[in-house]
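Protein sequences, first through last, are from chains S and Z. The numbering used here numbers the first residue of the first sequence as 63 and each following residue consecutively. The numbering used here numbers the first residue of the second sequence as 63 and each following residue consecutively. Cβ coordinates follow ideal geometry from the N, Cα and C atoms, glycine included. Bear in mind that the values here come from a model prediction, so they are computed numbers and not experimental data. Worksheet for the structure shown next.
There are 2 protein chains.
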Amino acid sequence: MKKVINLKNKLNLFSDYWSPRVIAEMNDYQFKLVKIKGDFIPHKHDNTDEVFIVLEGVLKIEFNDKIIEINSGEMIVVPKNEIHKPYSDKECKIMLIEPKNIVNTGDAGGSLTALNNQWI
Amino acid sequence: MKKVINLKNKLNLFSDYWSPRVIAEMNDYQFKLVKIKGDFIPHKHDNTDEVFIVLEGVLKIEFNDKIIEINSGEMIVVPKNEIHKPYSDKECKIMLIEPKNIVNTGDAGGSLTALNNQWI
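Listed below in structure tokens is the structure:
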């Protein structure tokens, strides 16, 4: 606790896609960094909203009713219980904020399900 | 909900110091932008951690045991129940993440106490 966390330095510590790394904890919430490229699986989280802050690149999220594009320096709150499919044509670097122990693939599961609590 | 929030655009909407503006809500938490300059009052929050992400400038936080400097692109988790005094020599732009309805001056109160739920 009480240490400075440099986002760029943390991003340099890993290179795999769709595998969130935890950088901080606030109460029961975690701050995670993730690099993405290509398509994720459509899924939803029944009990929680989820925040995406784009640090570099362009994140697209396909919802049932529209596709939203989030650029570097922008954020979005994905409401709980809404099916969403994150994707990105090129590498995109994101900070996620969500409760501890959320499964990244939500209700969908599958091979893109990542381990939780991978601290860097 | 489900709208893109551009941090720089939101920062351009206000200019007063020490007066957090809410830009997003995730479950029972709020994301706030605040501009600071000069000294804040030493205070603590008994029941919650608090996250500061520095978007521009340099934030300093004086704790009982040390002073920590947080630069642009860096963040810190201030642990609950720890007295901290944020300050900055020059204007500094920050994103705060904390539970709804937290009083900015914590246990200290005083003239720097800001209104909550000032959305922009």
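- The alpha-carbon of P148 (chain S) is positioned some 45 Å away from that of G172 (chain Z).
- Neighbours of D111 (chain Z) in chain S, taken as residues whose beta carbon is under 7 Å from its own, are M88, N89 in chain order.
- The CB of I132 (chain S) comes closer than 8 Å to the CB of V66 in chain Z, given here in chain order.
- Taking a Cβ-Cβ cut-off of 8 Å, the neighbours of G135 (chain S) in chain Z comprise N68, L69, K70, given in sequence order.
- V120 (chain Z) is not a Cβ neighbour of L158 (chain Z), given a cutoff of 7 Å.
- DSSP, read as helix, strand or coil, puts N68 (chain Z) in strand.
- Taking the Cα positions, L69 (chain S) is about 6 Å away from E136 (chain Z).
- Buried is the label assigned to D111 (chain Z), since at least 16 other Cβ atoms lie within 10 Å of its Cβ.
- Going by DSSP, S150 (chain Z) is part of the beta strand (DSSP E) stretching over 146 to 161.
- For F114 (chain Z), the beta-bridge partners assigned by DSSP are Z:I138, Z:L158.
- With a 10 Å radius around the Cβ and a threshold of 16 neighbouring Cβ atoms, I129 (chain Z) comes out exposed.
- Residue environment for Q92 (chain S): buried (at least 16 other C-beta atoms within 10 angstroms of its C-beta).
- Not a single C-beta of chain Z is nearer than 7 Å to the C-beta of I129 (chain S).
- The beta carbon of P141 (chain Z) sits closer than 6 Å to the beta carbons of D111 from its chain, once the five residues preceding and following it are set aside; these are given in chain order.
- At a cut-off of 7 Å between C-beta atoms, V139 (chain Z) counts as an interface residue with respect to chain S.
- Close partners of I159 (chain Z) in chain S (Cβ separation under 9 Å): M88, Y91, F93, V113, I159.
- The C-alpha of H107 (chain Z) lies about 26 Å from the C-alpha of I164 (chain S).
- Under the three-state reduction of DSSP, L73 (chain S) is assigned to helix.
- When DSSP states are grouped into helix, strand and coil, Q92 (chain S) belongs to the strand group.
- Listed as beta-bridge partners of A86 (chain Z) by DSSP are Z:F93.
- Shown here for L75 (chain Z): same chain residues with a beta carbon closer than 7 Å to its own, the five before and five after excluded, namely I182 in chain order.
- A170 (chain S) is positioned such that its CB atom lies no closer than 7 Å to that of P82 (chain S).
- Here DSSP, grouped into helix, strand and coil, assigns K122 (chain Z) to strand.
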